[in-house]
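Single-structure report; data block below.
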Amino acid sequence: MSKVISASITPLKNDGSIDKQGVKNVFDRNIKHGLDGAFILGTMGEWGGLSDKVKEEYVETACEATKGSGFELLVGVNATCLPLSLETMKNYSKYEFDSYVFMPPGKTSWLDPIKAILTVCDKADRPVYYYHCPPNNGVNLSLADFEKIMRHPNLKGIKNSASNMWLRRELIFMKKELGLKTLILEGQEWAVDEAMMAGYDGMVCGCGALCSKPMVGIARAIERVDYAEAVRLQNVLIEIYHSIYGIGLDHIWTGTKYALVKLGLIDSYYTSAQEMDSLNDAHKKQIDECLIKFKAELD
């Protein structure tokens, strides 16, 4: 069965502290919709804009909120350099969650990304997902690089957010031809239907805190070979994203959180990742109308 995982937001109060009830509300809703798990402290989770104290508080809160549910919790350990990621991983090792997620730091670190990924896999006390996102960190890997990391027994999966159709197909062929077990998960929200139809093992997508129901619907439709329904739901997902994110991602964090506030799930749409005034009255009205139009898909 395909994995459907949310790359989740970090619910914050207006003072920047963790909205603990909001965390529980979001995950309870995700579980109700049939989501398999959530990835916290990634790009959508504002990892770069949160203090170490707040991030660890979120990890602890998320573990408490999902304990005993069977909900898979993935925790990001991104940092500006490898030693900090390893230190973060060590600090989080006392909490009960399923896997770490690691994205190599950008080019300013001058680290070999393959060595960094393999080092994290070697030192991790539980499975690791590699977050491949060249638009974020400028790190591109060759197919030989992918083969090297996919052969590591502790690499559980890859979140591929490269938006590269060639790479998407090549990873499918490589996995099949070499008999590799690494899960290949689509990270680009606009392409989950085609990626999964082509043979991906699932998805790890932003806005899953809001759109868990249509995301699960796409996966289940593909599993029963109802491609028309999968495409219909994919188009619904894109239309929701246009309204919530903005076509140019102008209010990706503020818009997502504002929608969750309107649904009564979190307290505030405060974010450290984006200017709060990126969400003006016109944008709010657009989101309000979207929530009404797609009430059934977001219920």
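Going by the working numbering, the residue at position 56 of the sequence shown is 363; the numbering climbs one at a time, nothing skipped.
Every residue gets a Cβ at the ideal spot worked out from N, C-alpha and C, and that includes glycine.
Since this is a predicted model, take the numbers as computed values, not measurements.
Host beta strand (DSSP E) of SER313 (start-end): 310–314
Would you tell me roughly how many angstroms separate the C-alpha atoms of LYS401 and THR395, rounded to the nearest one? 11 angstroms
Would MET644 and GLY513 qualify as a contact pair, given that the criterion is a beta-carbon distance under 7 angstroms? Summary: the structure shown does not reach residue 644, with the chain confined to residues 308 through 606, and so no result is reported for it.
On the three-pair Cβ rule with 8 angstroms, is the stretch 331–342 touching the stretch 519–530? yes
When you compare the stretch 525–544 with the stretch 554–573, are there three or more beta-carbon pairs, one atom per stretch, that lie closer than 8 angstroms? no
Under a three-way DSSP split, which group does MET607 fall into? Because residue 607 is not part of the residues shown, which for the chain are 308 to 606, the question remains open.
Three-way DSSP call (helix, strand, coil) for LYS374 in this model: coil
Determine the contact status of ASN385 and TRP354, defining contact as a CB-CB distance below 7 angstroms. yes
Would a C-beta distance cut-off of 7 angstroms place LEU487 and MET457 closer than the cut-off? yes
Quick one: what's got a C-beta closer than 6 angstroms to ALA580's C-beta in the same chain, skipping five residues either side? GLU353, GLY356, TRP560
Could you check if MET503 is buried or exposed, using at least 16 other CB atoms within 10 Å of its CB as the buried criterion? buried
Please tell me whether ALA345 and SER309 are closer than 7 angstroms, where the distance is taken between their beta carbons. no
Can you check DSSP and say which residues form a bridge with LEU381? PHE346, SER406
Between which residues of its own chain and ASN508 is the CB-CB distance below 8 angstroms, once the five residues before and five after are set aside? Checking the sequence, you will find Asp at residue 508 rather than Asn. Result list for ASP508: SER309, LYS310, GLY464, LEU490, ILE491, LEU492, in chain order.
Are HIS590 and HIS558 closer than 7 angstroms when you measure CB to CB? yes
Using beta carbons (cut-off 7 angstroms, strictly below), is SER585 in contact with chain D? Note that chain D does not occur in the displayed structure, where there is just one protein chain.
Which residue wins for smallest C-alpha separation from MET510, given the options TYR436, SER376, GLU582, ASP432? TYR436
Separation of ILE554 from VAL532, as counted between CA atoms: 30 angstroms
Assigned exposure category for ILE325 - 16 Cβ within 10 Å defines buried: buried
GLU477 in three-state terms, based on DSSP: helix
Thinking just about the alpha-carbon of each residue, which of GLY341, LEU348, PRO434, VAL330 is nearest to the one in PRO460? PRO434
What are the start and end residues of the alpha helix (DSSP H) that includes ILE302? The displayed coordinates of the chain run from 308 to 606. Any statement about residue 302 would go beyond what the structure contains.
Three-state class that DSSP yields for ILE573 in the structure shown: coil
Please return the same chain residues whose Cβ sits closer than 8 angstroms to the Cβ of VAL366, not counting the five positions on each side in sequence. ILE347, LEU348, VAL382, TYR399, TYR402, PHE404
Beta-carbon proximity of LYS327 to THR373, cut-off 7 angstroms: no
Mapping DSSP to helix, strand and coil, what is GLY329? helix
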